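Everything below concerns the one structure shown next.
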Amino acid sequence: MTSPYDIQTYLLDRANIHDTLTRLPIYYDTKSTEGLIKDVFAPRVEVDYTSILGGQPNHTTGEEWARTLQPMLDAFDSTQHVYTGLLIELPQPGQNSVRPESCTVVAYGSAHMVRNSSLKHNGGLVYFEFVRLKDLEEKGLNPWRISKQKVEMAWEEGNKEVMTGIGS
15 MTSPYDIQTY
25 LLDRANIHDT
35 LTRLPIYYDT
45 KSTEGLIKDV
55 FAPRVEVDYT
65 SILGGQPNHT
75 TGEEWARTLQ
85 PMLDAFDSTQ
95 HVYTGLLIEL
105 PQPGQNSVRP
115 ESCTVVAYGS
125 AHMVRNSSLK
135 HNGGLVYFEF
145 VRLKDLEEKG
155 LNPWRISKQK
165 VEMAWEEGNK
175 EVMTGIGS
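In this note's numbering, the protein residues as written are 15 to 182.
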């Protein structure tokens, strides 16, 4: 029989999901490929940046996606990515609730990108799916990793040349 989803586990899940999502922009901006691989992305990911970069959603491994990001991030002189207003969708704890294997998160996202003294700024909603990895949990680590990320850019301003050649 499955144990009920208790308040302590619910709160720990919320904190771990929040921590994983907080690491994402920090690792983008510090260009930490290893951090993205180790602490952020699930073994398999679907990433949809089509509203910013065009093309098609990317289905790959978390490691490959993190390594794909490296030359994109290296092309900028500096970046600042921010996610706020996190809406973490977990079931409420209780006797009739079961601990989830996955969940969704919606957040406001924005990015400032600087290249050759020019600035580009954009923002919108970002939709995430997280999965709970039991092997990490058994090691006493934060088990929540991003398995899907979809950016829906709502606005942009600044010099469009900043993005020239990024993601192509």
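Ideal placement from N, C-alpha and C gives every residue a C-beta, glycine not left out. For clarity, every value in this text was computed on a predicted model and none was experimentally measured.
Give me, in chain order, the residues of the same chain whose beta-carbon lies closer than 8 Å to that of T34; leave out the 5 immediate sequence neighbours on both sides.
D53, V54, F144, N156, W158, R159 and I160
Less than 8 Å between the beta carbons of Y141 and Y122, yes or no?
no
Extent of the continuous beta strand (DSSP E) to which N136 belongs:
S132 to R146
Going by the C-beta, is F90 closer than 7 Å to any heavy atom of the ligand GTP?
Only the bare structure without any ligand can be found here, which leaves the ligand GTP out of the picture.
Go through its chain and collect everything with a Cβ distance to P107's Cβ below 6 Å, but skip five positions before and after it.
Y19, D20, I21 and Y24
Would you say V176 and S65 are within 8 Å of each other, going by their C-beta atoms?
no
Taking the continuous alpha helix (DSSP H) assigned at S65, which residues delimit it?
T64 to L67
Applying the 10 Å Cβ sphere with the 16-neighbour rule, what's the burial state of Q154?
Residue identity differs from the one stated: residue 154 is Gly in this sequence, not Gln. So G154 counts as exposed.
Mapping DSSP to helix, strand and coil, what is A80?
helix
Excluding the 5 residues preceding and the 5 following Y63 in the sequence, name in chain order all residues of the same chain whose CB lies nearer than 6 Å to its CB.
V165
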